[in-house]
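Residues in the sequence shown are numbered consecutively from 246, following the working numbering.
The block underneath contains the structure these notes are about, expressed in structure tokens.
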Amino acid sequence: MPAPVAGDIVAAVIESRPEDAVAAALAGPAAAVADQLELASLEDTAGSFIVMAHLVKTAVAARDESEATGSLLPLAAAARFLAAPRIERFVTGAAHEAIDFVRTGQPPTR
246 MPAPVAGDIV
256 AAVIESRPED
266 AVAAALAGPA
276 AAVADQLELA
286 SLEDTAGSFI
296 VMAHLVKTAV
306 AARDESEATG
316 SLLPLAAAAR
326 FLAAPRIERF
336 VTGAAHEAID
346 FVRTGQPPTR
């Protein structure tokens with residue numbers, strides 16, 4: 246299996262592959278990893294504006310922390326967060342309630 250490279254981070258984020266994103270982040274170099282994280286944070290995978298804003302802030306903070314500490318770990322943590330599958334609580338809950346209503350004919354208990 247080939248060694249991961251930093252350029253794989255964007256693809257790993259888009260495809261929700263957190264383990265691959267972390268491996269690519271730990272492959273360094275830090276500046277290239279940080280660039281890839283910032284690019285990945287700008288991809289339209291967030292689902293809502295506020296989530297996208299958090300992804301961008303996390304990527305920028307990871308760069309700052311990595312530069313301050315000389316460690317790739319903040320970048321790896323950000324890569325993991327960006328690539329992790331997200332579940333929107335309210336949308337998911339409403340979808341489950343709708344499916345249950347269609348299946349049972351009973352409205353959700355409030």
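The beta-carbon is built from N, C-alpha and C at its ideal position, and this holds for glycine as well.
- In this chain, the alpha helix (DSSP H) harbouring R325 covers L318 to A328.
- Minimum Cα-Cα distance from P330 among the listed residues P319, G338, A269 and G292 corresponds to G292.
- Contact between A270 and L317 is confirmed by a C-beta separation of about 6 angstroms, below the 8 angstroms threshold.
- In this structure, A307 sits away from A285, with a CB-CB distance that is not shorter than 8 angstroms.
- Burial is judged here by how many other beta carbons sit within 10 angstroms of a residue's own beta carbon; V347 has fewer than 16 and is exposed.
- Nearest to E310 by C-alpha distance, out of I254, F326, D345 and A279, is A279.
- DSSP places P263 in the uninterrupted alpha helix (DSSP H) bounded by P263 to L271.
- In this model, Q351 and G338 are separated by some 16 angstroms (Cα to Cα).
- Within the same chain, E342 come within 6 angstroms of P353 by CB-CB distance, once the 5 residues on both sides are set aside.
- Contact between D265 and A257 is confirmed by a C-beta separation of about 4 angstroms, below the 8 angstroms threshold.
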